[in-house]
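In my numbering, the protein residues as written are 215 to 475. Okay, so here's the structure we're looking at.
Encoded structure:
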């Protein structure tokens with residue numbers, strides 16, 4: 215049975231993976247980010263389908279069933295090695311910390327900004343496909359619109375706090391993926407995190423923004439301003455949770471161990 219790697223080994227693996235991500239060409243990064251954007255839509259759309267099918271008979275159980283379904287979308291992302299905003303915080307940051315004489319701020323900003331924008335473009339375009347009449351079962355549109363309205367009607371501080379949790383959870387996934395040694399373990403980690411993310415539900419900017427966009431397409435009481443505010447607030451919270459809580463603390467853990475040595 216493989217021995218679990220210690221924090222130093224996890225960090226070394228993260229540095230290697232971070233270098234790969236930062237070295238992607240513009241075309242490769244755009245393509246992998248676009249794939250991630252439309253891939254996560256499978257999870258969101260099927261969540262709406264399951265919610266519509268289960269809620270009339272089982273009430274709140276539909277939320278759990280939907281979360282179990284949504285998690286498959288996160289598995290697709292991880293197995294496909296696509297580039298999802300927030301999930302790509304820890305590894306590139308580890309590379310930046312390990313790089314002598316540079317914090318790699320330019321490459322990091324390029325990676326994160328391009329990933330976020332193209333994730334949203336890919337997700338919004340694929341949502342348009344799902345919104346065509348006859349693609350989703352009856353009732354799914356109503357379920358997705360209802361979820362979107364619930365998202366935008368929350369207090370701003372509630373969305374921000376939820377995005378901190380969501381950012382920490384998704385960035386933790388990238389750390390955990392470096393701590394396991396098999397594809398089966400990666401799938402398990404991805405499924406668990408996807409389930410918890412939807413169960414909360416906790417805000418991940420790409421997932422939440424696509425949810426809101428679905429509501430916009432299905433005639434929910436949502437305007438462009440609400441969509442824009444969702445993106446800004448969720449992004450800010452993801453940065454605090456993903457970089458501030460998870461990335462910096464794990465880097466500090468490794469650096470502290472090195473200082474003790």
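Using N, Cα and C, we set each Cβ at its ideal position, and we do this for glycine too. In this text, all values refer to a predicted model and were calculated from it rather than measured experimentally.
Could you spell out the range, first to last residue, of the alpha helix (DSSP H) harbouring residue i?
i, result
"residue 321", "319 to 344"
"residue 271", "240 to 272"
"residue 235", "221 to 236"
"residue 365", "354 to 366"
"residue 218", "Element bounds for residue 218: n/a, residue is neither H nor E."
"residue 392", "370 to 392"
Hey, residue i and residue j: beta-carbon distance below 7 Å or not?
i, j, result
"residue 329", "residue 385", "no"
"residue 455", "residue 365", "no"
"residue 409", "residue 285", "yes"
"residue 352", "residue 416", "no"
"residue 424", "residue 341", "yes"
"residue 305", "residue 359", "no"
"residue 224", "residue 296", "no"
"residue 289", "residue 436", "no"
"residue 452", "residue 333", "no"
"residue 447", "residue 370", "yes"
"residue 240", "residue 338", "no"
Can you grab the Cα-Cα spacing for the pair residue i / residue j, in whole Å?
i, j, result
"residue 298", "residue 327", "11 Å"
"residue 485", "residue 308", "Outside the displayed span of the chain (215 to 475) sits residue 485, for which this structure offers no information."
"residue 237", "residue 269", "46 Å"
"residue 263", "residue 252", "17 Å"
"residue 258", "residue 310", "33 Å"
"residue 221", "residue 232", "16 Å"
"residue 388", "residue 291", "12 Å"
"residue 293", "residue 245", "16 Å"
"residue 226", "residue 274", "43 Å"
"residue 315", "residue 267", "56 Å"
Using a 10 Å radius around the Cβ and a threshold of 16 neighbouring Cβ atoms, would you call residue i buried or exposed?
i, result
"residue 321", "buried"
"residue 464", "buried"
"residue 265", "buried"
Just list the alpha helix (DSSP H) runs in the stretch 414 to 465, keeping only unbroken ones of 4 residues or longer that don't cross its boundaries, in chain order. 419 to 431 and 438 to 453
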